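Colleague: Could you have a look at this structure, given as structure tokens, before my questions?
Residue numbers (the working numbering): 26 to 177.
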């Protein structure tokens, strides 16, 4: 007997979700104090490449350290204007070692145009590669139960 229900869409992996947004936040510590820094990201060969402003020195603090990098689509939620919230909000976090790298021309092109300035000074790019060892995904569904997935 045929069913009127269409098959559920295949789940999207956290690394694929990351490809749906251009920016995220890098978390680690510098001189024993935690910090968050915004970064532009691309995914290349299963690793996350980040572009950030070198003038803050955050890339140097991350080089050789375990970091967390997270992104989400929470800006897709209703802005409080009475509109309906997005039905598929998610956040992903990747934890692993970071290393300063120099992207090949093809990778650099995937980042797109760089900002003109960061905090009023000319933007000077620095690049990090994060090799994800631990991945966490959280979803917010306004019509069903919440999903939490962990993968190593």
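Idealized CB from N, CA, C, for every residue including glycine.
Keep in mind the model is a prediction, meaning the values are calculated, not measured.
1) Assuming residue 119 is part of the beta strand (DSSP E), what are its boundary residues?
2) Using DSSP's beta-bridge definition, name the partner residues of residue 60.
3) Using a Cβ-Cβ cut-off of 7 Å (strictly less than) and excluding sequence neighbours within five positions of residue 91, which residues of its own chain qualify?
4) According to the Cβ coordinates, are residue 138 and residue 78 closer than 8 Å?
5) Is residue 157 closer than 8 Å to residue 67 when the C-beta atoms are compared?
6) The beta strand (DSSP E) spanning residue 159 covers which residue range?
7) Between which residues of its own chain and residue 87 is the CB-CB distance below 6 Å, once the five residues before and five after are set aside?
8) Identify every residue that forms a DSSP beta bridge with residue 150.
9) Below 8 Å on the Cβ atoms is my contact criterion, and I expect residue 115 with residue 51 to pass it. Report the Cβ-Cβ distance as a whole number of Å.
10) Who are the Cβ neighbours of residue 35 in its own chain at under 8 Å, not counting the five residues just before and after it?
11) Closer than 6 Å by C-beta to residue 104: which residues in its own chain qualify, once you throw out the five before and the five after it? Chain order, please.
12) Over what stretch of residues does the beta strand (DSSP E) that includes residue 94 continue unbroken?
13) In terms of alpha-carbon separation, which member of 82, 141 and 130 lies closest to residue 56?
Modeller: Taking the structure as given:
1) As a working mapping, residue 119 is identified with position 94 in the chain shown. 114-125 is the span of the beta strand (DSSP E), which, as asked, contains residue 119.
2) The count along the chain shown starts at 1 and reaches residue 60 at position 35. Looking at the DSSP assignment, residue 60 forms a beta bridge with 53.
3) The residue given as residue 91 occupies position 66 in the chain shown. 120, 121 and 122.
4) Mapped onto the chain shown, residue 138 falls at position 113. Mapped onto the chain shown, residue 78 falls at position 53. Against a cut-off of 8 Å, the Cβ pair of residue 78 and residue 138 comes out as no contact.
5) Here residue 67 refers to the residue found at position 42 of the chain shown. Here residue 157 refers to the residue found at position 132 of the chain shown. No, the Cβ-Cβ distance between residue 67 and residue 157 is not below 8 Å.
6) The count along the chain shown starts at 1 and reaches residue 159 at position 134. Residue 159 -> beta strand (DSSP E) spans 159-165.
7) As a working mapping, residue 87 is identified with position 62 in the chain shown. Excluding residues within five positions, the ones whose Cβ falls inside 6 Å are 53, 123 and 153.
8) If you number the chain shown from 1, residue 150 lands on position 125. Looking at the DSSP assignment, residue 150 forms a beta bridge with 78.
9) Within the chain shown, numbered from 1, the residue matching residue 115 stands at position 90. Within the chain shown, numbered from 1, the residue matching residue 51 stands at position 26. With 8 Å as the limit, residue 115 and residue 51 do not qualify as a contact, their Cβ atoms being about 19 Å apart.
10) Looking up residue 35 in the chain shown gives position 10. Counting only Cβ-Cβ distances below 8 Å, and skipping sequence neighbours, we find nothing.
11) Residue mapping note: residue 104 aligns to position 79 of the chain shown, counting from 1. Low local confidence applies: a pLDDT of 49 at residue 104 is under 50, so the model's placement there is unreliable, and no value is given.
12) The sequence position of residue 94 within the chain shown is 69, counting from 1. Note, residue 94: beta strand (DSSP E), 91-97.
13) The residue given as residue 56 occupies position 31 in the chain shown. With distances taken between Cα atoms, residue 56 lies closest to 82.
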